[in-house]
Each structure stands twice: as structure tokens, then as C-alpha cells.
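Count along the sequence shown starting at 1, add 1, and that's the number in the working numbering. Don't be surprised by glycine CBs; every beta carbon is placed ideally from N, CA and C. Single-structure report; data block below.
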Amino acid sequence: MEQWLAWVDELSEKDFVVVDGFLKPDVLAEIKVGFETHLSSFTKAGIGAAHEQIIRQDIRGDYTYWLDRKRDIHMKMFWGLVDETLHIFNRYCYLSLSGYEFHYAVYPPGAGYEKHLDQFDHRSNRLITMVFYLNENWQKGDGGELEIFQKNGDTVIVEPLDARCVLFKSAEVPHRVLPSRKNRHSVSGWLLHQPSGLGQLFG
């Protein structure tokens, strides 16, 4: 719990937090098995919400597979981790989180994602972004880093290291994925809030 509170404090202060070793070995293994199981079902990712989505290879080059708790029942530890995260934010930050959405993502060599916010026009329920990296033996020069743009004009480069988690405020943190030089794997998702409650973290 002390670790969680420290992460929440850093997120509140900096708008993002990077946590190495966030995924314990058994959870990481479970997620990777699911990734490989569904790899043949990945589809080209678009930009925009639902029926407004379009494919723009020049903006976003990844392929995704959307997770479904009722279908992907083999990922019990992952869903338990999501539940724990929702509980922490609701109990200690009063964020009124009411749901989530997650997908696997693979960026093939040469693919990236241009600078953007994780919030759609006319939709404001994505509150916290979570990204889990699944890249064993990732080396400098492999590309695929997350670049975070800070309010003071500085940028932070986050390498997609195995078991690392990045959390940031979905509507507040512009970011991009730099072009990858080999297959880059991750789970990305959003913790969703009720429109009436933004919570003290953002107040």
C-alpha cells in the first residue's frame, strides 16, 4: 500500500509515473501467454472513437486486440490487478472510476504513433492511462520509446522495458510512440470515470 500511495503522489505531482517491475513474474507470464494466443486476431489500429475511426498509417502504425473480461477468462491475475488499481484510485483519490478498457498492441518495425492525447472529442471519460510493456531483453537503439511532453516544455523518454508500467493522466499528457526497430509489445488501457466525478487528484 505504501508503494501505491507513493505512485499516486508522484502521478498527482508530475501527471505521470513510471514503475519498473510493476508486473510480477506470474502476472507477466499470464499476459504474455494471452498475447501469443491472440496474435493472429490482431487488427490494424485506427484513430478516433468507435464509428468515427479511420486508419492513418502515417499517424499510427500498431495492431491491436481488445481484451474482454467475459471472453478472456484465462487472464484472472491481470483482471485482479485492474480491480486492485480501480480500488486504490477510488478509495484514496475519489476518482469515481466505474470501468476500464484494455487492448494488446504490437508495433512492427518502423511503426510509431504521432503526438496525441488519450481523450476523444466529445468524450471525456478516460481518466488514467495505463501501459504495461512486454519486451524481454529490450536494448537501447531498439526504438519504440514513449515520449512524454511536459507542461514546462521538457520531454521524458520512457523505454518499453519488460514488466514496466506507465500511468498518466489521459486528458493532460500529450505523448507519442517513437518508431520501433523491432516488434514492440504492450498492453494499453484506460481507467474510466463517471462524468459527474473528477476527484481530488484533478481538483
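Residue i burial status per 10 Å Cβ neighbour count (16 or more: buried)
| i | result |
| --- | --- |
| residue 130 | buried |
| residue 42 | exposed |
| residue 7 | exposed |
| residue 170 | buried |
| residue 30 | exposed |
| residue 146 | buried |
| residue 86 | buried |
| residue 10 | exposed |
Residues bridged to residue i [DSSP beta-bridge criterion]
| i | result |
| --- | --- |
| residue 1 | Because the chain in this structure spans residues 2 to 204, residue 1 falls outside the shown range and cannot be described. |
| residue 133 | 166, 188 |
| residue 111 | DSSP output for residue 111 lists no bridge partner at all. |
| residue 150 | 156 |
| residue 181 | 144 |
Nearest residue (CA-CA) to residue i, options the options
| i | options | result |
| --- | --- | --- |
| residue 27 | 79, 160, 185, 142 | 79 |
| residue 38 | 77, 73, 94 | 73 |
| residue 153 | 188, 174, 111 | 174 |
| residue 132 | 2, 81, 4, 178 | 178 |
| residue 35 | 69, 14, 20 | 69 |
| residue 161 | 113, 136, 71 | 136 |
| residue 21 | 194, 5, 13, 33 | 5 |
| residue 176 | 194, 155, 117, 189 | 117 |
| residue 191 | 14, 105, 184 | 105 |
| residue 98 | 115, 127, 81 | 127 |
| residue 92 | 185, 2, 184, 189 | 2 |
Close-in-space but distant-in-sequence residues of the same chain around residue i (CB under 6 angstroms, 5 per side omitted)
| i | result |
| --- | --- |
| residue 83 | 101 |
| residue 33 | 135 |
| residue 51 | Confidence is the limiting factor: at residue 51 the pLDDT is only 46, short of 50, which leaves the residue's position unreliable, though a coordinate-based value still follows. Here the set comprises nothing. |
| residue 150 | 156, 175 |
Spatial neighbours of residue i in its chain, beta-carbon cut-off 7 angstroms, leaving aside the 5 residues before and after
| i | result |
| --- | --- |
| residue 158 | 146, 148 |
| residue 44 | 64, 65 |
| residue 16 | 169, 170, 173, 174 |
| residue 167 | 17, 19, 132, 147, 159 |
| residue 139 | 160, 161, 162, 163 |
| residue 75 | 35 |
| residue 144 | 179, 180, 181, 182 |
Close-in-space but distant-in-sequence residues of the same chain around residue i (CB under 8 angstroms, 5 per side omitted)
| i | result |
| --- | --- |
| residue 184 | 107, 108, 109, 110 |
Taking only runs that begin and end inside the stretch 15-88, name each unbroken alpha helix (DSSP H) of 4 or more residues, in chain order.
26-39
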